[in-house]
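>
Protein chains: 2
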Amino acid sequence: MAARERLLVIGGDAAGMSAASQARRRRGPDELEILVVERGHYASYSACGIPYFVGGVVEDLGKLIARTPAEFRDLGIDLRLRTEAVEIDVDGGRVRVRAEDGGERWEVYDDLMIATGAVPSRPRLPGADAAGVHGVQILDDGVAIRRAVEDGKPRRAVVVGGGYIGLEMAEAMVMRGLEVSLVDIADQPMQTLDPDMGAIVADAIRGIGVRLYLGEPVAGFDTSPDGHVTAVRTESRTLPADLVVFGLGVKPASGLAREAGVAVGPTGGIVTDRRMRTPTERVWAAGDCVETRHLVSGAPVAIALGTHANKQGRVAGVNLGGGYATFPGVVGTAVSKICTVEVARTGLNEREAAAAGFATLSVVVESTTRAGYHPGATAMKTKLIAERRSGRLLGAQIVGEENAAKRVDGLAIALWNGMTVEEMTGLDLGYAPPFAPVWDPVLIAARKTADAVEQDMRSRS
Amino acid sequence: MAARERLLVIGGDAAGMSAASQARRRRGPDELEILVVERGHYASYSACGIPYFVGGVVEDLGKLIARTPAEFRDLGIDLRLRTEAVEIDVDGGRVRVRAEDGGERWEVYDDLMIATGAVPSRPRLPGADAAGVHGVQILDDGVAIRRAVEDGKPRRAVVVGGGYIGLEMAEAMVMRGLEVSLVDIADQPMQTLDPDMGAIVADAIRGIGVRLYLGEPVAGFDTSPDGHVTAVRTESRTLPADLVVFGLGVKPASGLAREAGVAVGPTGGIVTDRRMRTPTERVWAAGDCVETRHLVSGAPVAIALGTHANKQGRVAGVNLGGGYATFPGVVGTAVSKICTVEVARTGLNEREAAAAGFATLSVVVESTTRAGYHPGATAMKTKLIAERRSGRLLGAQIVGEENAAKRVDGLAIALWNGMTVEEMTGLDLGYAPPFAPVWDPVLIAARKTADAVEQDMRSRS
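Protein sequence lines correspond, in order, to chains A and B.
FYI, the numbering for the first sequence is 1 to 461, going by full-length UniProt numbering.
FYI, the numbering for the second sequence is 1 to 461, going by full-length UniProt numbering.
1) Which value, in whole angstroms, describes the spacing of the CA atoms of residue 283 of chain B and residue 113 of chain B?
2) Return helix, strand or coil for residue 347 of chain A, following the three-state DSSP convention.
3) What residue does the beta strand (DSSP E) around residue 285 of chain B start on, and which one ends it?
4) With a threshold of 16 other CB atoms inside 10 Å of the CB of residue 74 of chain B, please say whether the residue is buried or exposed.
5) When the Cα atoms are used, what is the spatial distance from residue 28 of chain B to residue 128 of chain B?
6) For the alpha helix (DSSP H) that residue 55 of chain A lies in, which residues bound it at each end?
7) Could you check how far apart the C-beta atoms of residue 182 of chain B and residue 159 of chain B are, in whole angstroms? I think they sit under 8 Å.
8) Is the separation between the beta-carbon of residue 344 of chain A and that of residue 430 of chain B shorter than 7 Å?
9) Do residue 11 of chain A and residue 115 of chain A come within 7 Å of each other at the CB atom, strictly closer than that value?
10) Expressed to the nearest angstrom, what Euclidean distance is found between the alpha-carbon atoms of residue 71 of chain A and residue 313 of chain A?
11) Taking the C-alpha atoms as reference points, what is the distance between residue 347 of chain A and residue 147 of chain A?
12) Hey, could you find the ends of the alpha helix (DSSP H) residue 311 of chain B is sitting in?
13) Which two residues bound the contiguous alpha helix (DSSP H) that contains residue 448 of chain A?
14) For the beta strand (DSSP E) that contains residue 25 of chain B, what are its first and last residues?
15) Sorted by chain position, which residues of the same chain lie with C-beta nearer than 7 Å to residue 299 of chain B's C-beta, five sequence neighbours on each side aside?
16) What residues of chain A sit near residue 48 of chain B, judged by a beta carbon separation below 9 Å?
17) Using a 10 Å radius around the Cβ and a threshold of 16 neighbouring Cβ atoms, would you call residue 131 of chain A buried or exposed?
18) State buried or exposed for residue 86 of chain B, treating a residue as buried only when at least 16 other CB atoms are found within 10 Å of its CB.
19) Give me the Cβ distance between residue 361 of chain B and residue 386 of chain B, rounded to the nearest whole Å; I'm assuming they're in contact under 8 Å.
20) What three-state label does DSSP hand residue 248 of chain A in the structure shown?
21) Counting only beta-carbon atoms, is residue 52 of chain B nearer than 7 Å to chain A?
22) Which term fits residue 102 of chain B, buried or exposed, when burial requires 16 or more other beta carbons within 10 angstroms of its beta carbon?
23) Closer than 7 Å, CB to CB, is residue 441 of chain B near chain A or not?
24) Around the C-beta of residue 137 of chain B, are 16 or more other C-beta atoms found within 10 angstroms, so that it is buried, or is it exposed?
25) Please tell me whether residue 129 of chain B has its Cβ less than 7 Å away from any Cβ of chain A.
26) Report the rounded CA-to-CA distance for residue 185 of chain B versus residue 217 of chain B, giving the unit in angstroms.
27) May I have the straight-line CA-CA distance separating residue 222 of chain B from residue 228 of chain B, to the nearest angstrom?
28) Got a sec: is the Cβ-Cβ distance from residue 335 of chain A to anything in chain B below 7 Å?
29) According to a CB-to-CB cut-off of less than 9 Å, which residues of the region 403 to 430 of chain A neighbour chain B?
30) Given a cut-off of 7 Å on the beta-carbon distance, is the pair residue 365 of chain A and residue 444 of chain A in contact?
31) Would you check if the region 318 to 337 of chain B and the region 277 to 297 of chain B touch, i.e. whether three or more CB-CB distances between them fall below 8 Å?
32) Which partner residues of residue 397 of chain A appear in the DSSP bridge assignment?
33) Could you check whether the Cβ of residue 381 of chain A sits closer than 7 Å to any Cβ belonging to chain B?
34) Spatial neighbours of residue 341 of chain B within its chain, please: C-beta separation below 6 Å, excluding the five flanking residues on both sides.
35) Give every residue of the same chain whose Cβ lies closer than 8 Å to the Cβ of residue 110 of chain A, excluding the five residues on either side of it in the sequence, and list them in chain order.
Shown next, in the form of structure tokens:
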């Protein structure tokens, strides 16, 4: 019998715990020891649920936690919270960890899984670290913000940055009765959408009472003598703030890996192959800290999203357990909801497509979610972006109400398979009056985009 | 200049009017005369909307009508209602039509478009044509049933046949306050689903108060001396009925074509190529009266559905107008809703797959429509059917609540592209807590089916 090996996992959320669980399924405790170190108070939770926890939509913190440390212990996984990995020594096959009391020790490994997640971007400005200023990444952040909101003191909140998290947090704080402003350096919120679609989101945000200041870079933060934030300053105004939340996106938390000599790619994410192996022997990585391949552009991307983290963690765990699994890449699908307005995107937007070297054509169609005569039918806009000449679908965006956003799945699968918009016009999609008009919005959009591709070709011939 | 040609269209609903409109777009009235004859009182309406009109969900009949005869006239399309085609003479290039007053005349054509739709199946039993017994196909049927319901006399309705239309009509009549029974010769309603999924639909139907009598063939109909239906008899019981509705499915209305020597295939549908041309010169056909290719089984199928009829009609019209368009076939996607229960299917069910010569493996997974902790998350069941060994997806079925059914679109697109369940496990689907659990039901189902395929292979090696 082979000697018992040791798997050390850094990071106890989606990717780390998925990897640990999968490895355990395939290799019992006699064969594989599994140690997970997690710097926060919580592990195995839904980070995407944080805005709903802050807003009170999800009352109980426990509901966000998939498995407790005790449950992992029962599986033979030693999960240590409040324990931070501070150095990786790949030559020595060991990691220096710091416990809550500050004590440090080296933990050895046969295989190392890096699942350190991401860190919220923060402007390098005085006051950006003041009390009352929060990033949103780990569940501890959510707990801190909810505590601040529930203590009843804050009246005015400023969200800096209008990405998904920023918008979801803005809505959550509106639900809590705060006066909420949102500042973004860009001319539109949700930069992952094209400006025409982003403008609809901006209207929705204003519609729930959020004051939107677009095209305004943050210039600084005012603080009180006791070090608490009191205002956010832009070049045009000073916004009083009892609470500030960053929604500027996140960056891969790859510093530890980089310092250890583990390859980090151009996106700042750790480099892995399709089996989630880094180029460093017996070092694996998965989740928000890695970069992956965008299957439309072919370029590496770092996209922090629970669904990728879970899949990648699972893939790493299967491989660590002696099986074979791969993570092929992403097509950039994302969905979100601001009150009743649903937003979805997949593939490349116009800017991204241009950056990737594609010449594109775009079409936006207005349609309804159900047959026009069916009560409850609401408006939705579908935008398709196709490559000139080939007509290959490159990206799609949807903004609408009830039931609009999840329709992006079909578009993501069409993208995944490299379909052209002309081919898509024949697709056999579900039709009944409560679900779609007889010409599904996706079919109308495909038809119009295919027509645009054809016209474009004629005008150039 | 070429002489003006004449397009004659038989049937003024989805396929016929789409063809006429498309042909007109490409060829003006100076070039092409277009005559459409329609036997009913209405044209260009949503037949799929009939149950909602009967149930009162859609109040106004006009809402079901996309374009009036006057609007078609303005487009230069001569649409004649209450005018029935009674004979096609392909050698003479003419069609004998009968006007409302019984007068007949021959109308010549250069191109003929047959869009005669479908006829509801009726049991060949005495009383099946009695007053108060209705099929559901053209809008006239819907108007007659709603009139019968609204005159307040019927108290007890019996639906014979538990297909989509039967179930939707049962719900509509429950909404109208009638006591509704549903009789089906099969052991489950909705034969397009496998028995395990159909059983859930049966429960939903019972849940809204419909009495379900399954596995009971109808033996006959009792009628009053004045010829009105009074009861439906099965082998086991007599169900008093003031109103009877058939939901036994429909058959292609291909009799006129067959009599004229236009080829009719094994399904009873008119045979066409991908451009919607029949083998008879200058005779085209589209909609519920034709058969098309099932892209999974490769076999011809006749599926009466507005979405196919519209697409096929458009394709025929583009080609009639001098353009090039094709209808590639279908994958058998359908969605429906019984109160809050949504039902969807695509591809082949187990019975159909076996008939097509596939050895299959199936997996049913229970999941939720949103993240489990998100309020409003409801249960949904997803069934995938894959080919043994290859793991190619062959079919899928979904039963669930809010937002469950339209997820079938993604599965239909996966099928369309011939994906295997293993490939599907990597799909990048939209994830956020209000829209899906972090492991989307489709991904879980794909994973479990892929595992089943692998296990099956091992157990046979």
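Beta carbons: idealized from backbone N, C-alpha and C, even for Gly.
In this structure, then:
1) 6 Å
2) strand
3) Counting along the chain, the beta strand (DSSP E) containing residue 285 of chain B begins and ends at 283 to 285.
4) Its Cβ having fewer than 16 others within 10 Å, residue 74 of chain B is exposed.
5) 46 Å
6) 50 to 55
7) 4 Å
8) yes
9) yes
10) 18 Å
11) Spanning the two alpha carbons is a distance of roughly 37 Å.
12) 306 to 320
13) Its alpha helix (DSSP H) spans residues 441 to 460.
14) No beta strand (DSSP E) contains residue 25 of chain B, which is instead part of the alpha helix (DSSP H) from 14 to 26.
15) 356.
16) 371, 431, 432, 433, 438
17) Counting C-beta atoms within 10 angstroms of its own C-beta, residue 131 of chain A has fewer than 16 neighbours from the protein chains shown and is therefore classed as exposed.
18) Exposed is the call here.
19) Indeed they touch by this definition, with Cβ atoms about 5 Å apart.
20) coil
21) The beta carbon of residue 52 of chain B sits closer than 7 Å to some beta carbon of chain A.
22) exposed
23) no
24) buried
25) no
26) Cα to Cα, residue 185 of chain B sits roughly 4 Å from residue 217 of chain B.
27) So the alpha carbons of these two residues sit roughly 8 Å apart.
28) yes
29) Listed in sequence order: 403, 405, 406, 407, 408, 409, 410, 411, 412, 413, 414, 415, 416, 417, 418, 419, 423, 424, 425, 426, 427, 428, 429, 430.
30) Between residue 365 of chain A and residue 444 of chain A, the C-beta gap is smaller than 7 Å, which places the two residues in contact.
31) yes
32) A/345, A/383
33) no
34) 204
35) 5, 6, 7, 93, 282
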